[in-house]
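Structure first, then comments.
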Amino acid sequence: MTVSLPTTFCGIDLAHPIVNGSGTFDAIAARRVFGDALIERFPFAAFVSKTVTVEAREGNPPPRLWELPAGLMNSIGLPNRGLDGYLAHDLPEHARLPVPLVVNVMGFSRAEVARLVAALGAREEVAALELNVSCPNVETGLVMGADPDETAALLADVRPLTAKPLIVKLTPNASDPPAVAQAAQDAGADAVSLVNTLRGMALDPQTGAPWLGGGTGGVSGPAVRAVALAQVAAVAERVTIPIVGMGGVASGRDARDLLRAGATLVGVGTESFRDPAAGSRIAGELEDALRTGV
Ligand SMILES: Cc1cc2nc3c(=O)[nH]c(=O)nc-3n(C[C@H](O)[C@H](O)[C@H](O)COP(=O)(O)O)c2cc1C
Numbered sequence: 006m007t008v009s010l011p012t013t014f015c016g017i018d019l020a021h022p023i024v025n026g027s028g029t030f031d032a033i034a035a036r037r038v039f040g041d042a043l044i045e046r047f048p049f050a051a052f053v054s055k056t057v058t059v060e061a062r063e064g065n066p067p068p069r070l071w072e073l074p075a076g077l078m079n080s081i082g083l084p085n086r087g088l089d090g091y092l093a094h095d096l097p098e099h100a101r102l103p104v105p106l107v108v109n110v111m112g113f114s115r116a117e118v119a120r121l122v123a124a125l126g127a128r129e130e131v132a133a134l135e136l137n138v139s140c141p142n143v144e145t146g147l148v149m150g151a152d153p154d155e156t157a158a159l160l161a162d163v164r165p166l167t168a169k170p171l172i173v174k175l176t177p178n179a180s181d182p183p184a185v186a187q188a189a190q191d192a193g194a195d196a197v198s199l200v201n202t203l204r205g206m207a208l209d210p211q212t213g214a215p216w217l218g219g220g221t222g223g224v225s226g227p228a229v230r231a232v233a234l235a236q237v238a239a240v241a242e243r244v245t246i247p248i249v250g251m252g253g254v255a256s257g258r259d260a261r262d263l264l265r266a267g268a269t270l271v272g273v274g275t276e277s278f279r280d281p282a283a284g285s286r287i288a289g290e291l292e293d294a295l296r297t298g299v
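In our numbering, the protein residues as written are 6 to 299.
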């Protein structure tokens with residue numbers, strides 16, 4: 006399917022507005038399982054890596070997934086090879102993809118985020134950086150993306166370290182995401198993305214103890230679509246920088262709704278677990294939906 010919906014995002018030319026949600030499409034595993042064809046006809050207009058942290062992480066103990074009536078809850082816990090491992094192993098693979106690369110990073114302090122931004126921002130293979138701020142700052146105890154002052158302080162530290170576009174990935178588990186978006190914009194962010202997963206919980210039916218190894222998990226998929234639409238619309242009223250909207254997108258009409266609410270790009274996450282080619286299918290459906298108005 007050839008999709009012609011050219012889009013410019015933070016100065017980056019993209020074939021269409023559909024990208025993957027961080028952590029929901031492993032391009033290296035996809036090549037192994039589905040072969041080069043899936044990679045050559047890459048389903049997304051840009052590739053967003055899963056979160057990279059300074060140190061390597063094993064992730065949370067199992068079980069890591071709980072299926073919901075209309076979605077998924079995960080407590081994967083951000084397993085990754087760490088910064089050095091990413092640079093040595095994953096970056097060369099991601100750089101071979103036929104689309105621009107966005108690297109998603111998370112630190113447990115502002116200094117850690119700064120280290121990640123400086124190291125990855127200096128690499129020519131990287132088109133932009135996405136800051137996953139859904140994580141407590143060990144120095145202040147506040148979630149970096151849940152408090153506008155905390156977000157502003159983070160941007161003040163990392164903005165000077167790179168000229169590459171910085172996308173702040175907002176958490177929906179905050180009392181006022183539009184205020185956080187505004188703080189990010191005022192402190193120099195080039196874009197915001199939302200929503201990350203919503204905190205949820207499931208109990209083991211036998212024991213009554215939390216089912217997920219991490220205790221709680223992040224809810225995604227169609228269950229969060231209405232929340233995502235409302236948050237994207239509210240953020241679009243507050244900021245002028247571009248928005249990557251995501252949360253429960255499973256069809257071109259869902260993507261069109263987020264564009265109508267003010268997004269420039271649309272992320273597809275959970276749907277890719279059902280259909281690894283969901284990105285190109287949704288881009289094609291979006292083109293139809295925009296052309297026919299249905
Ligand atoms: C299994 C899984 C892993 C995820 N890993 C990450 C991650 O590493 N970094 C991140 O910023 N978001 C991560 N997310 C959040 C998604 O990128 C996205 O924001 C969220 O799932 C909402 O979109 P969706 O409903 O289309 O899945 C993950 C989501 C899922 C379901």
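Ideal placement from N, C-alpha and C gives every residue a C-beta, glycine not left out. Only a predicted model underlies this, so the values are computations on that prediction, with no experimental measurement involved.
Open item on the list: For a test of your reading of the model: does the CB of Gly205 fall under 8 Å from any non-hydrogen atom of ligand 1? Yes or no.
Closed with: no
Task: Residues near Asn137 by beta carbon distance below 6 Å, same chain, minus five either side - done: Thr56, Asn109, Met111 and Lys174
TODO: May I ask you to report which of helix, strand or coil DSSP gives Ala133?
DONE: strand
Open item on the list: For a test of your reading of the model: does the CB of Met111 fall under 8 Å from any non-hydrogen atom of ligand 1? Yes or no.
Closed with: yes
Open item on the list: Restricting to runs no shorter than 3 residues, where is the beta strand (DSSP E) found entirely within the segment 78 to 136?
Closed with: 106 to 110
TODO: State the Cα-Cα distance for the pair Ala100 and Asp18, rounded to the nearest angstrom.
DONE: 16 Å
Open item on the list: Taking the straight line between their C-alpha atoms, what separation do you get for Glu72 and Met78?
Closed with: 6 Å
Task: Bridge partner(s) assigned by DSSP for Arg258 - done: Looking at the DSSP assignment, Arg258 forms no beta bridge with any residue, so it has no partner.
Open item on the list: Under DSSP, the alpha helix (DSSP H) around Arg279 begins and ends at which residues?
Closed with: Glu276 to Arg279
Open item on the list: Which of the three DSSP states is assigned to Val138 in this structure?
Closed with: coil
Open item on the list: Taking 9 Å as the threshold (C-beta atoms), are Gly272 and Gly26 in contact?
Closed with: yes
Open item on the list: So, with DSSP's three-state summary, where would you put Ser285?
Closed with: helix
Task: Exposure label - Glu60; buried when at least 16 CB within 10 Å - done: exposed
Open item on the list: Using 9 Å as the threshold, is the C-beta distance between Asp195 and Leu171 below it?
Closed with: yes
Open item on the list: With DSSP as the reference, identify every bridge partner of Asp41, one or two as the case may be.
Closed with: Answer is none; Asp41 lacks a bridge partner.
Open item on the list: Residues in the same chain with beta-carbon distance under 8 Å from Pro153, minus the five sequence neighbours each way, listed in chain order, please.
Closed with: Asp181, Ala184, Val185, Gln187 and Ala188
Open item on the list: Quick check on the DSSP output: the beta strand (DSSP E) that includes Asp152 runs from which residue to which?
Closed with: Where Asp152 is concerned, there is no enclosing beta strand (DSSP E), given that its DSSP letter is neither H nor E.
Open item on the list: Please report the straight-line C-alpha distance between Leu270 and Gly220, rounded to a whole angstrom.
Closed with: 32 Å
- [ ] Have a look at Thr176 and Gly250 and give me their C-alpha separation to the nearest angstrom.
- [x] 12 Å
TODO: For Ala20, count neighbouring Cβ atoms within 10 angstroms of its own Cβ and tell me buried if that reaches 16, exposed if not.
DONE: buried
TODO: Please find out if some non-hydrogen atom of ligand 1 comes closer than 8 Å to the beta-carbon of Thr12.
DONE: no
- [ ] Take Ala123 and list the residues in its own chain whose beta-carbon comes closer than 6 Å to its own, dropping the five residues that flank it on each side.
- [x] Leu166
Task: Cutoff 7 Å; reference Gln236; Cβ partners in own chain excluding five residues on either side - done: Pro177, Pro182, Leu199 and Val200
TODO: Alpha carbon to alpha carbon, how far is Glu155 from Asn142? Give it in angstroms, no decimals.
DONE: 9 Å
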